[in-house]
Amino acid sequence: MSGARGTNQGTQGPTVAGVRTHAQAFAEAIAESGCTHVFGLMGDGNMHLVIALERRGVHVVEVRHESAAVSMAEGYGWSSGRTGVCTVTHGPGLSHVATSLLVAARNRSPLVLIAAETPAGYQGAQTFDQAAFVASCEAVYRRVTPGESPADVLADAVALAQDESRPVVLGVPADLLTAPAAAPKGTRAARSPGADGEDPSAAAGRLAQLLTGAARPVLIAGRGAMDGAAPDLMRTLAERLGAGLATTLPAKGLFDGHPLDLGIAGGLAHPAAERVLRSADLVVAIGAAMGRSTTQSGRLFAGARVVRVAKDATGTAETLRADGAGTLAALVAAVTETRQPWFTPVGSATDCWREDLDDVRPPVPAGTVDPRRALAEISEHLPADAIVVISNGHCSGFAAAFVAAPPRGRFFAAQGFGSIGQALTTATGVALGAPGHKTVVFEGDAAFMMHAQELDTAARAGADLTVFVLNDQALGTEYQRLAKEGDDADTAIVPAPDLAVLAGALGARSSTIDAEHAHAVAEAALRPGLAVVDVRTARSVLSRHMRLPHGGREG
Numbered sequence: 000m001s002g003a004r005g006t007n008q009g010t011q012g013p014t015v016a017g018v019r020t021h022a023q024a025f026a027e028a029i030a031e032s033g034c035t036h037v038f039g040l041m042g043d044g045n046m047h048l049v050i051a052l053e054r055r056g057v058h059v060v061e062v063r064h065e066s067a068a069v070s071m072a073e074g075y076g077w078s079s080g081r082t083g084v085c086t087v088t089h090g091p092g093l094s095h096v097a098t099s100l101l102v103a104a105r106n107r108s109p110l111v112l113i114a115a116e117t118p119a120g121y122q123g124a125q126t127f128d129q130a131a132f133v134a135s136c137e138a139v140y141r142r143v144t145p146g147e148s149p150a151d152v153l154a155d156a157v158a159l160a161q162d163e164s165r166p167v168v169l170g171v172p173a174d175l176l177t178a179p180a181a182a183p184k185g186t187r188a189a190r191s192p193g194a195d196g197e198d199p200s201a202a203a204g205r206l207a208q209l210l211t212g213a214a215r216p217v218l219i220a221g222r223g224a225m226d227g228a229a230p231d232l233m234r235t236l237a238e239r240l241g242a243g244l245a246t247t248l249p250a251k252g253l254f255d256g257h258p259l260d261l262g263i264a265g266g267l268a269h270p271a272a273e274r275v276l277r278s279a280d281l282v283v284a285i286g287a288a289m290g291r292s293t294t295q296s297g298r299l300f301a302g303a304r305v306v307r308v309a310k311d312a313t314g315t316a317e318t319l320r321a322d323g324a325g326t327l328a329a330l331v332a333a334v335t336e337t338r339q340p341w342f343t344p345v346g347s348a349t350d351c352w353r354e355d356l357d358d359v360r361p362p363v364p365a366g367t368v369d370p371r372r373a374l375a376e377i378s379e380h381l382p383a384d385a386i387v388v389i390s391n392g393h394c395s396g397f398a399a400a401f402v403a404a405p406p407r408g409r410f411f412a413a414q415g416f417g418s419i420g421q422a423l424t425t426a427t428g429v430a431l432g433a434p435g436h437k438t439v440v441f442e443g444d445a446a447f448m449m450h451a452q453e454l455d456t457a458a459r460a461g462a463d464l465t466v467f468v469l470n471d472q473a474l475g476t477e478y479q480r481l482a483k484e485g486d487d488a489d490t491a492i493v494p495a496p497d498l499a500v501l502a503g504a505l506g507a508r509s510s511t512i513d514a515e516h517a518h519a520v521a522e523a524a525l526r527p528g529l530a531v532v533d534v535r536t537a538r539s540v541l542s543r544h545m546r547l548p549h550g551g552r553e554g
C-alpha cells in the first residue's frame, strides 16, 4: 500500500532540534505564498512535510487516494486563483496520481506536486524512474538537490507552472526533507527567450485584416479568456464587427444575456446556435484549445478559417502566440467600423433548450425522471454566486445544456483527458478554494463510485458541496452507444449501491429524486454543508450530443 505509515527504511532520522529542515522550509514557503490548503496522503516519504505544514498553520487535507490530491489541488487553483499544491510519497504514492496529473496537464492547469523520492542508496520495492513517469503524464519533473533553498525551489516551480500552464512535480529525496535547509537566495530560474510569443500589437494587426475581411466572423472564448478585461473586450469587438460570440464548455455562460451570444460551440451547442456556427467563414478563438469537442472534430467549422490566440501552440489550429487580453485591447483600438450582425439572434440558451424538451419526449419509466427536466428545475434553485462543476460522460450533455451558469458564480468542466470520475474530487478543491460559495457538482453514478470515498475527505475538510448524481445504474455512454448499434446494451448496466446509505455513512446528507419533485429536493440539498442527491435517471432519455449522427464520438 502506498503511503504505508509503518514502513521504516532506516535512512530518515527525526528532525534535529533547532535545525531548520527542508520540510520546515517548504512549509514556510507554502504558507507565505498564501496557499491555505495542501492536499495529500501521508506516507513515510512525505510525513515530515505534512507535520511541518500543519505546524505552520496550513490545512493539510488528507485524501483517501493520491489521485484525489492532484485533482483537488487543481480545483483549488481554479477557484482560488492561486497555484494549487499537493503532496504524495514515493513509488506507488506517485504512480497513483497518473490520471489526475494527465487531466491537469490537458486542462493546462498550473499546480505543484511535491513528491518524495526514495532516499539515496535505497533499493527497495518502491524505487522507479519518477522523472520518466511524470514526463509520460505530460508534466514537468524537477529534482531537488542538497544545497538548494526550498523557498527558491518552490517559487521557481510556481513560476514555471504558471508560465507553462501545466503541473510541475518536485521530486524531493525523503532523507533530504529532514536535512538542514539552505537559506533563500531570491534567485529565479531563467525563462526561455520569447516565452510570451509575439507582440500583441502585431498579432492584433494580423487579426484585424482577417476580421474586417470576413463576412461571417465568430469569436470564441475559452477558459483562458474568462478573467480580467478579456470578456468585455470580446463583447465590444463583436458589437463592432457584428460577430457571433460563443464559448467552449469551460467558459459556459460568459456571454449570457448578450444579443450576439451563441452559447457553447461544439457537440454541446444547441441547434439554433449550431446552424449559425456552421455558416461562419472565420473563427477567432481567445484562450481556447479548439480541440475535437469544440470543433466537432473539424465538422462544425469545415468552411471556416480557425485562428487561436494563446500563449501555447497546443492542438492543430492555426495559432498566434500572443497574450489574449493584450491582443484584444489592440484589436478594439484598431477596429473602429460598426457592422450589423450577419445572423439573426438566436435568443437565450434556456429558451433554445426548452425546444428540446418539447420536441423529444421519450417514455420515462416509473421511479425515474427525465434528467433534462430534473436538471432544468434544479438549475432554478442554484444560488446566484454558486460554482458549478460538471463531469464527463453521458451525464455531462444534460448538465451542460440544462444547468445555467450562475450569474455571479463560475462554471467548470472536470473533463480533461476525456476521463470520468474527476468531478467530485476536483469540486472538493474548488469548494475549499472559494469559501462562502456553494459548490454544486453534476456527476454520473459510475463516475461517482470511482471516488465515492472522497466524500469522507470533503466532510472532514468542511467543504460546502452538493453533489447531484445522475444515476442511470449503468455506464451511460457505453449503454447508449451499444443500444444505438443494436448490440447487447445490458452488458453496460452496472447498478450502484444505495447512494443515500453510502453518502450518509461517509458524512453527507442524502436525498433522492425519483419522481417529478426536483424543486423541493434541490432547495433542501442546496443548503450549506455536504449533501448528495441520487437523481434516478431514465436510460430512455439521450442527451442531444448522443442523438447526433456521430453519437458523441470525438472523431
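FYI, the numbering for the sequence shown is 0 to 554, going by numbering that gives the first Met the number 0. The beta-carbon is built from N, C-alpha and C at its ideal position, and this holds for glycine as well.
Contact between the region 446 to 454 and the region 343 to 357 is not established, with fewer than three Cβ pairs separated by less than 8 Å. Leaving aside the five residues that flank G323 on each side, the residues in its chain whose CB is nearer than 7 Å to its CB run, in chain order, G223, A224, A229, I285, G286, V308, A309.
Residue pairing by DSSP places H58 opposite H36 in a beta bridge.
Per DSSP, L374 is one residue of the alpha helix (DSSP H) stretching across 370 to 378.
Secondary structure note for R360: it is in no alpha helix (DSSP H), with a DSSP letter that is neither H nor E. CA-to-CA, the gap between N45 and G90 works out to about 12 Å.
Per DSSP, the continuous beta strand (DSSP E) segment holding V87 begins and ends at 83 to 87.
The secondary-structure analysis by DSSP pairs P216 across a beta bridge with L281. Beta-bridge partners of I389 (DSSP): A412, F441. Two segments are said to touch when three or more pairs of C-beta atoms, one from each, lie closer than 8 Å; by this definition the region 144 to 152 does not touch the region 66 to 86.
Runs of the beta strand (DSSP E) lying entirely within the region 137 to 197 and spanning at least 3 residues, in chain order: 139 to 142, 166 to 172. The beta carbon of P216 lies closer than 6 Å to those of L210, L240, A242, L281 in the same chain, with the five residues before and after it left out. Just measuring C-alpha positions, the residue of A399, Q208, A373 sitting nearest V306 is Q208. Sequence-distant Cβ neighbours of A495 in its own chain, meaning closer than 7 Å and more than five residues away, are D444, M448, N470, Q472. Boundaries of the alpha helix (DSSP H) around R291: 291 to 294. Taking a C-beta distance under 8 Å as the contact criterion, G506 and A462 do not qualify as a contact pair. Counting C-beta pairs closer than 8 Å gives fewer than three between the region 386 to 395 and the region 232 to 239, which falls short of the contact rule.
For I492, there is no enclosing beta strand (DSSP E), as DSSP marks it with neither H nor E.
Annotation for E453: no beta strand (DSSP E) segment contains it, though the alpha helix (DSSP H) segment containing it runs 453 to 460.
Looking at the backbone, the Cα of V167 and that of D358 are separated by about 48 Å.
Residue state for F397 is assigned as helix, using DSSP reduced to three classes. Nearest C-alpha to V532 among R538, A523, S539: A523. For S509, the enclosing beta strand (DSSP E) has its first and last residue at 508 to 512.
When the beta-carbon positions are compared, P249 and F411 come within less than 8 Å of each other.
Per DSSP, the beta bridge partners of V305 are V282. Between Q479 and L541 the beta-carbon gap is near 6 Å, inside 8 Å, which marks them as a contact.
Membership of G243 in the beta strand (DSSP E) is indicated by the continuous run 243 to 246.
Here the C-alpha atom of G297 lies approximately 43 Å from the C-alpha atom of L501. Counting every other CB atom within 10 Å of its CB across the protein chains shown gives V18 a total below 16, marking it as exposed. Shortest Cα-Cα distance from A138 to any of M41, R81, R360, V96 involves V96. In this structure, DSSP gives G223 a helical state, which the three-state scheme calls helix. Taken atom to atom, the span from the alpha-carbon of V59 to that of L547 is near 45 Å.
Under a 10 Å Cβ-count criterion, V493 is classified as exposed, with fewer than 16 other Cβ atoms of the shown protein chains found around its own Cβ.
DSSP, read as helix, strand or coil, puts G266 in coil.
Excluding five sequence positions before and after A203, the CB atoms of its chain that fall closer than 7 Å to its own CB belong to T326, A329, L330, A333, given in chain order. Counting only the Cα atoms, A272 lies some 13 Å from F300.
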